[in-house]
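*Asks:* Sequence positions in the sequence shown follow the working numbering and run 386 to 674. For every residue, glycine included, the Cβ atom is placed at its ideal position computed from N, Cα and C.
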Amino acid sequence: MSRLAYVNGRLVPLADATVHIEDRGFQFADGVYEVAAVLNGRMLDWPQHVARLGRSLRELSIAAPMSDAALSIVARRVLAANRIRDGLLYVQATRGAARRDHPFPADAVPTLVMTARPFDFRVRVAQQKTGISVITHPEIRWQRRDIKSIALLPNVLAKQSAREAKAFEAWFVDPDGTVTEGSSTNAWIVRKDGTIVTYPASENILHGVMRGTLLALAREHQFRVEEAPFTTADALDAAEAFLTSTTAPCLPIVSIDGNRIGDGTPGPVTARLAEALWTEVERQTGWRR
């Protein structure tokens with residue numbers, strides 16, 4: 386079955402889906418997006434994604450294309466039309482089309498696009514057993530990383546560097562050595578005393594939905610959790626390291642820049658967190674590994 390896309394009120398074949406050549410998302414990256422996991426036909430953490438989309442729109446003074454309730458209806462319609470059981474829903478909203486000029490146009494109507502595609506989360510279950518590698522990359526992004534903007538060129542460059550190094554992810558590192566986050570994930574370490582550490586929610590990182598879910602689960606299961614900066618040196622000295630995102634829930638990191646983390650295998654704290662996460666996934670969606 387050919388995939389269908391939602392574009393400004395219409396479901397159309399993906400190959401025929403278009404927006405205006407002067408859409409500000411195309412010309413200025415003037416827009417925001419969300420990616421939601423779909424398991425067993427149900428969206429995971431959907432209210433949090435809707436809330437973050439609304440916040441991103443407000444931070445850029447872009448009018449919401451529709452109400453949250455309508456957005457949810459359209460999202461489910463897109464998933465049903467594409468017969469998605471396990472997959473990813475992509476939502477993008479821009480300021481809309483207008484004559485090319487840097488200031489905000491007075492009369493532009495926001496553009497809303499949604500697509501959906503299959504994704505096999507069982508791949509992540511396998512990776513949780515083997516672990517993954519990451520590299521470090523200089524921090525070259527703007528100062529409002531908390532906005533889920535479609536201006537992702539620095540992230541693309543970092544991810545490409547990781548691919549060329551045969552690594553799963555690239556961690557952005559400030560000049561002082563502080564790790565902020567990955568190119569499309571949040572970064573975590575587990576100190577040798579068992580404390581779980583991740584960079585605090587601020588304008589310096591994206592407030593990952595999966596990050597928030599895992600923080601809540603870690604505290605619920607009585608783990609010691611600290612939202613604080615850590616450096617590359619701290620990560621190399623840590624007992625464990627891992628990353629989180631909607632598409633990569635709680636993946637253990639076994640090497641950074643070719644340096645082994647811990648004993649070079651996934652650690653017990655990360656394994657327990659992953660188990661708690663899959664239990665939460667099953668509670669929300671009914672999906673089982």
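Between the Cα of Thr650 and those of Cys635, Ala624, Gln669, Val666, spot the shortest distance and give me the residue it belongs to.
*Replies:* Residue numbering aside, residue 650 sits at position 265 when the sequence shown is read from its first letter. For the residues Cys635, Ala624, Gln669, Val666, the minimum Cα distance to Thr650 belongs to Ala624.
*Asks:* Does Ala390 come out as helix, strand or coil in the three-state DSSP assignment?
*Replies:* Residue mapping note: residue 390 aligns to position 5 of the sequence shown, counting from 1. Note: Ala390 maps to strand in three-state DSSP.
*Asks:* Less than 8 Å between the CB atoms is what I'm expecting for Leu658 and Ala603, so what's the real figure, rounded?
*Replies:* Within the sequence shown, the letter at position 273 stands for residue 658. Within the sequence shown, the letter at position 218 stands for residue 603. At roughly 6 Å, the Cβ-Cβ gap stays under 8 Å, so Leu658 and Ala603 are in contact.
*Asks:* Over what stretch of residues does the beta strand (DSSP E) that includes Gly416 continue unbroken?
*Replies:* For the purposes of this step, residue 416 is taken as the residue at position 31 of the sequence shown. Element bounds for Gly416: 416-424.
*Asks:* On the DSSP letters alone, give me the boundaries of the beta strand (DSSP E) that Phe627 sits inside.
*Replies:* By 1-based counting over the sequence shown, the position of residue 627 is 242. Start and end: 625-629.
*Asks:* Return the residue from the list Val654, Leu662, Arg674, Pro637 that minimises the CA-CA distance to Thr515.
*Replies:* Here the question's residue 515 lines up with position 130 in the sequence shown. Out of Val654, Leu662, Arg674, Pro637, Pro637 has the C-alpha closest to the C-alpha of Thr515.
*Asks:* Throw me the rounded Cβ distance for the Ala613 and Val582 pair, which I believe falls under 8 Å.
*Replies:* Your numbering for residue 613 matches position 228 in the sequence shown. Your numbering for residue 582 matches position 197 in the sequence shown. With a Cβ gap of about 6 Å, Ala613 and Val582 count as contacting.
*Asks:* Under the assumption that Leu474 contacts Ala501 (Cβ atoms under 8 Å), give the Cβ distance between them as a whole number of angstroms.
*Replies:* To locate residue 474, count along the sequence shown from 1; it is residue 89. To locate residue 501, count along the sequence shown from 1; it is residue 116. The pair is a contact, with the Cβ atoms about 5 Å apart (cut-off 8 Å).
*Asks:* Arg484 and Pro495 - do their beta-carbons sit closer together than 8 Å?
*Replies:* Mapped onto the sequence shown, residue 495 falls at position 110. Mapped onto the sequence shown, residue 484 falls at position 99. Their beta carbons are not under 8 Å apart, which means Pro495 does not touch Arg484 by this criterion.
*Asks:* Count the other C-beta atoms from every protein chain shown that fall within 10 angstroms of the C-beta of Pro634, then say buried if there are 16 or more, exposed otherwise.
*Replies:* To locate residue 634, count along the sequence shown from 1; it is residue 249. Looking at its Cβ environment, which holds 16 or more other Cβ atoms inside 10 Å, Pro634 is buried.
*Asks:* Decide if Gly652 is buried, meaning its Cβ has at least 16 other Cβ atoms within 10 Å, or exposed.
*Replies:* Position 267 of the sequence shown, counted from the first residue, corresponds to residue 652. Residue environment for Gly652: buried (at least 16 other C-beta atoms within 10 angstroms of its C-beta).
*Asks:* Rank Arg645, Gln528, Asn644, Ala626 by C-alpha distance to the C-alpha of Leu591 and give the top, closest one.
*Replies:* Numbered from its first residue, the sequence shown carries residue 591 at position 206. Closest by alpha carbon: Gln528.
*Asks:* Looking only at its own chain, which residues have a Cβ that is under 8 Å from the Cβ of Glu667, when we skip the five neighbours before and after it?
*Replies:* Locating residue 667 in the sequence shown gives position 282, counting from the first residue. The answer, listed in chain order, is Arg673.
*Asks:* Can you tell me which of the three DSSP states His522 falls into?
*Replies:* The sequence position of residue 522 within the sequence shown is 137, counting from 1. It is a strand residue.
*Asks:* To which residues of the same chain is Ala543 closer than 7 Å at the C-beta, ignoring the five residues directly before and after it?
*Replies:* Along the sequence shown, read from residue 1 onward, the residue named residue 543 stands at position 158. The residues are His522, Ala555, Phe557, Ser568.
*Asks:* Check whether the Cβ of Gly439 lies closer than 7 Å to any heavy atom of the ligand GTP, and answer yes or no.
*Replies:* This structure does not include the ligand GTP; it has no bound ligands of any sort.
*Asks:* Out of Ser587, Arg645, Glu444, Trp573, which one is the CA nearest neighbour of Ser630?
*Replies:* Here residue 630 refers to the residue found at position 245 when the sequence shown is read from its first residue. Closest option to Ser630, Cα to Cα, is Trp573.
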